[in-house]
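**Q** Protein sequence lines, in the order shown, are assigned to chains A and B.
In terms of the working numbering, the first sequence opens at residue 372 and continues consecutively.
In terms of the working numbering, the second sequence opens at residue 228 and continues consecutively.
We treat Cβ as the ideally placed atom computed from N, Cα and C, and that holds for glycine.
These numbers were taken from a predicted model, which means no experiment stands behind them.
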Amino acid sequence: KNEVEQSPQNLTAQEGEFITINCSYSVGISALHWLQQHPGGGIVSLFMLSSGKKKHGRLIATINIQEKHSSLHITASHPRDSAVYICAVGISSGSARQLTFGSGTQLTVLP
Amino acid sequence: SAVISQKPSRDICQRGTSLTIQCQVDSQVTMMFWYRQQPGQSLTLIATANQGSEATYESGFVIDKFPISRPNLTFSTLTVSNMSPEDSSIYLCSVDGPGYTFFGQGTRLTVV
């Protein structure tokens, strides 16, 4: 069983819709990351959070440590938001940082 | 925030040859990380590169196949050696910053 589960795997939305992507994990973590990967392969880090909620523009990320669950919300979605969104959890292991990645959610926003 | 310049962005290589991927960071960092993303798969950590010591490889990855250099605190290279079509993947370097993890733009490698 993958330690990081994302849902849905694929999501198609109309421009302007409110979008939620979910991430559940099964291990104790030091931090959770939300990443955005564009078709060329490059990855942008959207959020790193260990508790509560963070907001950046139209993006909101929340985490519930007790329930081992995080959500990424996109308000007023736009076609340029189309990308793969990846959840990754950081597990501290001695002095090394270890990230375990979810399989990603392919988001397509239609105009 | 850290800026990572990774190159090449893509390459098509013949089997049996080697490709070296470079990552340049605009600030000094202790550890740099190299990842592989095979088609349709998630990212897998290849190795952690520390300046002044040998890289630490994850299970399934060996130095002979993926030699790494880390000559200073802002630069690292990953070589994919004796390539086969199974090495066709996106390769990414990564560093940690305060509050974020930064990734390079990725190298999309196709082995024919």
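1. What residues in the segment 317-337 of chain B bring their beta carbon closer than 7 angstroms to a beta carbon of chain A?
2. By the three-class DSSP mapping on this structure, what secondary structure does A/D452 have?
3. Any beta carbon of chain B sitting closer than 9 angstroms to that of A/V398?
4. If the cut is a Cβ gap below 8 angstroms, which residues of chain A does B/S286 touch?
5. Can you give me, in chain order, the residues of the segment 252-269 of chain B that have a beta carbon less than 8 angstroms from any beta carbon in chain D?
6. What residue ranges within the segment 296-335 of chain B form continuous beta strand (DSSP E) runs of no fewer than 3 residues, ordered along the chain?
7. Out of B/I317, B/L272, B/M258, B/V256, point me to the one whose CA is closest to B/G287's CA.
8. Assign A/H404 to one of two classes, buried (16 or more other C-beta atoms within 10 Å of its C-beta) or exposed (fewer than that).
9. For A/G411 and B/R335, I'd like the C-alpha separation in whole angstroms.
10. Tell me whether A/A467 sits in a helix, a strand or coil according to DSSP, three-state version.
11. Could you tell me whether the Cβ of A/V460 comes closer than 9 angstroms to any Cβ of chain B?
**A** Walking through what the data contain:
1. I317, L319, D323, G326, Y327, T328, F329, F330, Q332, G333, R335
2. Correct three-state label for A/D452: helix.
3. Taking Cβ atoms only, chain B never reaches closer than 9 angstroms to A/V398, which makes this a no.
4. Chain A residues near B/S286: none, gap ~12 angstroms exceeds 8 angstroms.
5. Of the chains in the structure shown, none is chain D; the protein chains are A and B.
6. 302-307, 316-324, 327-330
7. B/L272
8. buried
9. 8 angstroms
10. At A/A467 the pLDDT is 49, less than 50, meaning the model places this residue with poor confidence and gives no usable figure here.
11. no
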